[in-house]
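Report on the structure given below.
Residue numbers (our numbering): 3 to 152.
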């Protein structure tokens, strides 16, 4: 009985801000990315790069837009003729790969423009998390990322 009474007393002394924060519904805590968008100047070159060189599955095309399936998330690539190549890209799309070394060899074979050297992001007792950045013809930054066991 004493244990049951302690719980309501404990809750009664919590600050009201803690109660208010916990009662607020989180906006995106259960969300996932449905679609990510990039713009390019040449939709035909983008189709060749993303479908033929990177091997992404083209779902459909509509109104100068390409829609690819990337592990259940849609990648939309839209033509924007007025787009200027960015001095510094605003973001990077990271593609998770199971076999980093094999994916890197395949990426090098696509003649993609690699940016910098392979980076080790984290090292643990069982291996390391590595990434290699690259860009498409419009300067959109992309990367492959994967765990390399020891």
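C-beta atoms are modelled at their ideal positions from N, C-alpha and C, and glycine is treated no differently.
DSSP has residue i in a bridge; who is on the other side?
{"i": "residue 50", "result": "The partner list for residue 50 (beta bridge, DSSP) is empty, contrary to what the question assumes."}
{"i": "residue 67", "result": "64 and 80"}
{"i": "residue 39", "result": "78"}
{"i": "residue 125", "result": "130"}
{"i": "residue 151", "result": "129"}
{"i": "residue 117", "result": "135"}
{"i": "residue 145", "result": "96 and 135"}
According to the neighbour-count rule (16 or more other Cβ atoms, all chains shown, within 10 Å of its Cβ), is residue i buried or exposed?
{"i": "residue 140", "result": "buried"}
{"i": "residue 142", "result": "buried"}
{"i": "residue 148", "result": "buried"}
{"i": "residue 113", "result": "exposed"}
{"i": "residue 134", "result": "buried"}
{"i": "residue 48", "result": "buried"}
{"i": "residue 30", "result": "exposed"}
{"i": "residue 51", "result": "buried"}
Go through its chain and collect everything with a Cβ distance to residue i's Cβ below 6 angstroms, but skip five positions before and after it.
{"i": "residue 116", "result": "136"}
{"i": "residue 45", "result": "66 and 81"}
{"i": "residue 102", "result": "132, 148 and 150"}
So, with DSSP's three-state summary, where would you put residue i?
{"i": "residue 106", "result": "helix"}
{"i": "residue 73", "result": "coil"}
{"i": "residue 111", "result": "helix"}
{"i": "residue 59", "result": "strand"}
{"i": "residue 31", "result": "coil"}
I want to see whether chain D comes within less than 7 angstroms of residue i, judged by CB atoms only; does it?
{"i": "residue 95", "result": "In summary, chain D is missing from the structure at hand, where a single protein chain is found."}
Might you give, ordered along the chain, the residues of its own chain that have their beta carbon closer than 7 angstroms to the beta carbon of residue i, omitting 5 neighbours on each side?
{"i": "residue 39", "result": "78 and 80"}
{"i": "residue 59", "result": "70 and 71"}
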